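**Student:**
Residue numbers (full-length UniProt numbering): 1 to 806.
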């Protein structure tokens with residue numbers, strides 16, 4: 001740093017700062033161009049010059065997030081040197097400074113806990129509540145650090161803060177932080193057991209969301225660790241753990257890992273639960289609310305019909321007991337039960353598989369400033385020595401000597417960075433420190449086309465690979481040589497546990513394909529990785545997010561460059577186990593044709609090696625056919641050149657109308673139609689008797705004027721509700737299941753009130769009206785198909801101008 005700036009920082013004189021800027025307007029910008037530098041803000045924070053520090057925050061707010069050569073930000077230095085007032089002012093200016101990760105990933109919040117200051121800790125939490133979830137390079141949260149450093153008062157502040165959170169994700173934050181594991185799989189309870197800390201145990205066990213029986217990577221619970229202290233073990237602590245439900249690892253049932261769960265067959269209950277959750281996740285909140293109103297109204301109408309039945313004597317007199325019970329109340333009950341079921345699906349939060357997965361995944365520059373020329377090779381040698389040693393201290397010593405040393409590496413497009421070298425050698429501490437200092441290194445490819453994560457996987461550095469994926473899940477999708485991602489490499493090399501963790505970190509990576517169009521599923525078939533194949537198919541079938549069904553269909557039926565699906569590849573290799581496993585996937589298309597127009601069955605029969613009859617049998621049994629027995633596949637170009645059929649026209653009009661309606665309009669109209677359905681249904685279920693002499697004139701007038709209009713409104717509301725439903729088979733299917741019994745119950749109720757002739761007249765009228773509407777619709781469609789253009793036309797179509805022809 002410029003000596004003039006150093007003098008200003010030591011004096012804390014704001015006027016001197018502006019006098020210096022007046023002489024050299026670029027003096028602060030030159031410092032800002034350096035990636036790692038001890039700025040004037042660092043110096044002011046170190047010495048407690050609050051006025052100067054806040055002036056620098058206004059002039060150069062970027063200084064606040066810069067790390068010096070020792071890996072500390074200005075806020076780190078303020079905390080380290082007990083400059084509490086200045087620290088508070090910095091945090092007030094920018095709340096996010098509490099989360100700046102410095103050396104070893106330590107944030108200012110972590111540092112406050114380590115040093116011990118309950119009041120400053122409280123201020124930091126109030127300023128930035130999200131900071132409580134931050135971890136250092138060892139996976140330790142502020143809670144872990146409080147236990148490790150015997151900071152009991154700070155531990156009480158942290159647990160009290162977690163308990164009193166009221167935001168929407170407060171419950172999940174509490175569970176996440178209290179049960180967070182570090183790099184060795186230890187929770188805060190494990191750490192308290194290692195230190196035999198009774199007070200910490202007592203405070204932690206008051207937390208209801210704390211899992212007492214989490215096992216670390218050594219398979220030990222907190223109780224197991226406490227007992228390893230031998231004679232130094234606190235008996236009261238042991239008793240307290242056991243009374244709160246703590247057990248030893250031996251007495252616990254075997255924990256099913258995520259990889260084992262995903263490879264297990266999909267049960268019927270899992271299939272139904274997954275399908276229901278996918279259906280819910282695809283639905284917008286507005287649509288859900290509107291459908292809940294509709295189902296509630298249907299429940300009300302059917303329930304009121306049930307509690308206000310017709311008089312028993314009237315039923316006996318009419319002699320229609322069977323029809324009344326089986327048809328009227330039968331259909332009414334079906335509609336009632338289905339509406340209840342749909343309400344449950346729409347409203348109740350089911351157990352989400354993501355919870356299981358989340359638990360498992362826990363287990364501008366100036367040329368006068370940037371040095372160039374012949375110094376870089378020497379710097380590169382120094383970096384190479386640091387990466388071989390794996391020393392974080394040596395790294396910061398090198399940065400202190402040459403602040404631009406990492407930046408010089410970063411400007412090259414393809415280079416073997418220190419992070420590449422550390423990943424290859426398994427130097428976890430150095431690798432994670434480099435991830436904090438230069439996260440861009442993680443996405444660079446070296447001259448061989450590999451990223452650091454590729455190298456970690458290739459060199460079987462599984463622990464380091466997991467840490468990289470946790471730091472930045474998107475690294476799993478980086479395409480290297482041949483378009484291969486780290487996920488593809490794991491699938492090729494074979495490692496179900498690492499493959500599981502990659503999928504948990506980045507679920508979308510399963511859709512990635514290499515330059516040959518091969519997904520991870522293709523690769524497992526090509527390299528005969530059966531366990532990895534089971535894992536991938538289990539993942540797709542059990543995934544419950546909104547695009548789960550689409551992802552399953554897309555990946556299972558994805559074609560490579562030759563048009564082959566995973567089933568084609570398995571058939572080509574005559575692999576019975578793989579074919580059998582793939583055929584268990586319901587969304588797998590058995591009859592896709594590759595670029596040679598061959599189905600999987602054709603490929604199997606064309607195999608040079610002896611064909612497995614069992615494989616042929618299971619393919620045929622599951623619906624697999626040869627290309628000769630399939631109807632000719634219509635190309636999209638042929639389909640688009642064909643005339644538009646009446647059915648297509650109607651369907652297109654319907655979908656266009658649905659898409660044109662906004663969610664707000666749709667929901668309002670759905671509520672209105674539901675109210676009309678309810679009112680008209682209740683009217684027919686509790687009719688008024690005809691007074692006086694019953695004549696044909698009275699019956700016809702009553703049927704035509706009252707029940708005719710009532711029925712028209714009922715049917716029209718049902719049809720309009722169907723039209724307003726969002727696009728999707730699931731919506732239509734549920735709607736049909738509920739409305740068909742309602743319509744049947746309505747029709748039979750009309751029949752029970754009057755003679756069959758009256759009923760026939762009524763429905764003939766409705767049918768005639770519907771046919772007239774259909775005829776008008778057909779004529780309009782026919783007129784559009786008869787239009788012919790005799791010569792080319794230039795058309796101007798604009799929102800502000802009418803359609804014109806020339």
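Cβ atoms here follow ideal geometry from the backbone N, Cα and C, with glycine treated the same way. This structure is a prediction, so every number in the text was calculated from the model and none was measured.
#1: Just the C-alpha distance for residue 148 and residue 191, rounded to the nearest angstrom, thanks.
#2: With a 10 Å radius around its C-beta and 16 neighbouring C-beta atoms as the bar for buried, classify residue 621 as buried or exposed.
#3: Could you please give the first and the last residue of the uninterrupted alpha helix (DSSP H) stretch that includes residue 480?
#4: Just to confirm the assignment: which complete alpha helix (DSSP H) runs, minimum length 4, are found wholly within the region 490-559?
#5: Given this structure, state the Cα-to-Cα distance separating residue 97 from residue 407, to the nearest angstrom.
#6: Could you say which of 15, 30, 58 and 6 lies nearest to residue 42 if we only look at CA atoms?
#7: According to DSSP, which residues form a beta bridge with residue 870?
#8: Which residues mark the beginning and the end of the alpha helix (DSSP H) in which residue 3 is found?
#9: Can you check DSSP and say which residues form a bridge with residue 445?
#10: Which residue marks the beginning of the alpha helix (DSSP H) containing residue 613, and which one marks its end?
#11: Could you tell me the alpha carbon to alpha carbon distance between residue 37 and residue 120, rounded to whole angstroms?
#12: Leaving out five residues before and five after residue 16 in sequence, what residues of the same chain have Cβ atoms less than 6 angstroms from its Cβ?
#13: Would you tell me roughly how many angstroms separate the C-alpha atoms of residue 354 and residue 540, rounded to the nearest one?
#14: Where do the ends of the alpha helix (DSSP H) carrying residue 214 lie?
#15: How long is the line joining the alpha carbons of residue 185 and residue 299, rounded to whole angstroms?
#16: If I measure Cβ to Cβ from residue 506 and keep anything under 7 angstroms in the same chain, skipping five residues before and after, which residues do I get?
#17: Exposed or buried, residue 599, counting other C-beta atoms within 10 Å across all chains shown (16 or more means buried)?
#18: Can you tell me the Cα-Cα spacing of residue 632 and residue 588, whole angstroms?
#19: Apart from the five residues just before and just after residue 75, which ones in its own chain have a Cβ nearer than 8 angstroms to its Cβ?
#20: What's the C-alpha gap between residue 160 and residue 502?
#21: Could you give the DSSP three-state label for residue 137: helix, strand or coil?
#22: Determine contact between the region 517-525 and the region 243-259, defined as no fewer than three beta-carbon pairs at a distance below 8 angstroms.
#23: Flag this pair as touching only if the region 411-426 and the region 449-469 have three or more C-beta atom pairs under 8 angstroms; answer yes or no.
#24: For the alpha helix (DSSP H) holding residue 470, just list the boundary residues, first then last.
#25: Is residue 85 buried or exposed, if buried means 16 or more other CB atoms sit within 10 Å of its CB?
#26: Just to confirm my understanding: we take residue 363, look at its own chain, exclude 5 residues before and 5 after, and list those with CB closer than 6 angstroms. What are they?
#27: Closest to residue 607 by C-alpha separation, out of 397, 571 and 625, would be which residue?
#28: Could you spell out the range, first to last residue, of the alpha helix (DSSP H) harbouring residue 164?
#29: Rounding to the nearest angstrom, what Cα-Cα distance links residue 68 and residue 35 in this structure?
#30: Out of 10, 152, 165 and 559, point me to the one whose CA is closest to residue 49's CA.
#31: Among 491, 499, 535 and 495, which residue has its Cα nearest to the Cα of residue 514?
#32: Taking 8 angstroms as the cut-off, does the region 169-176 touch the region 215-228 (at least 3 CB pairs, one atom from each stretch)?
#33: For residue 669, I'd like the list of residues in its chain whose CB is within less than 8 angstroms of its CB, leaving aside the five on either flank, ordered along the chain.
#34: Following the continuous alpha helix (DSSP H) through residue 124, name the residue where it begins and the one where it ends.
**Tutor:** If we stick to the structure as given:
#1: Residue 148 and residue 191: Cα-Cα distance of roughly 7 angstroms.
#2: Label assigned to residue 621: exposed.
#3: DSSP places residue 480 outside any alpha helix (DSSP H), giving it a letter other than H or E.
#4: Listed in chain order, they are 496-505, 520-526, 530-542 and 548-556.
#5: Taking C-alpha positions only, residue 97 is separated from residue 407 by approximately 23 angstroms.
#6: Taking only the C-alpha atoms, the option nearest residue 42 is 6.
#7: Nothing can be reported for residue 870: it is not among the residues displayed for the chain, which extend from 1 to 806.
#8: Per DSSP, residue 3 belongs to the alpha helix (DSSP H) from 3-11.
#9: Note: residue 445 sits in a beta bridge opposite 414.
#10: Looking at the DSSP string, the run of the alpha helix (DSSP H) that includes residue 613 is 613-621.
#11: Answer to the nearest angstrom: the Cα atoms are 27 angstroms apart.
#12: Take residue 16, set aside five residues on each side of it, and the residues of its chain with a beta-carbon closer than 6 angstroms to its own are 8, in chain order.
#13: Because the pLDDT of residue 354 is 46, which lies under 50, any placement of that residue in the model is unreliable, and the number read from its coordinates should be weighed accordingly. Taking the CA atoms as reference points, residue 354 sits about 13 angstroms from residue 540.
#14: Segment: none, residue 214 is in no alpha helix (DSSP H) and carries neither H nor E.
#15: So the alpha carbons of these two residues sit roughly 50 angstroms apart.
#16: Within the same chain, 473, 474, 476 and 477 come within 7 angstroms of residue 506 by CB-CB distance, once the 5 residues on both sides are set aside.
#17: Buried.
#18: Rounded to the nearest angstrom, the gap between the Cα atoms of residue 632 and residue 588 is 20 angstroms.
#19: Closer than 8 angstroms at Cβ, skipping near neighbours: 45, 64, 87, 90, 91, 97, 98, 100 and 108.
#20: Going by the C-alpha atoms only, they are around 34 angstroms apart.
#21: In the three-state reduction of the DSSP assignment, residue 137 falls in the coil class.
#22: By the criterion of at least three beta-carbon pairs nearer than 8 angstroms, the region 517-525 is not in contact with the region 243-259.
#23: Taking a cut-off of 8 angstroms for Cβ pairs, the region 411-426 and the region 449-469 touch, as three or more such pairs fall below it.
#24: Residue 470 -> alpha helix (DSSP H) spans 462-471.
#25: Label assigned to residue 85: exposed.
#26: Its pLDDT being 47, under 50, residue 363 is placed unreliably by the model, and the measurement read from it follows with that caveat. Take residue 363, set aside five residues on each side of it, and no residue of its chain has a beta-carbon closer than 6 angstroms to its own.
#27: Across the set 397, 571 and 625, the C-alpha of 571 shows the shortest separation from the C-alpha of residue 607.
#28: That residue, residue 164, is in no alpha helix (DSSP H); it is neither H nor E in DSSP.
#29: Rounded to whole angstroms, residue 68 to residue 35 spans 9 angstroms at the Cα level.
#30: Across the set 10, 152, 165 and 559, the C-alpha of 10 shows the shortest separation from the C-alpha of residue 49.
#31: Taking residue 514 as reference, the option from 491, 499, 535 and 495 with the minimal CA-CA separation is 491.
#32: Result no; under three Cβ-Cβ pairs closer than 8 angstroms.
#33: Within the same chain, residue 669 has close Cβ partners 661, 720 and 724.
#34: Here the alpha helix (DSSP H) through residue 124 covers 118-127.
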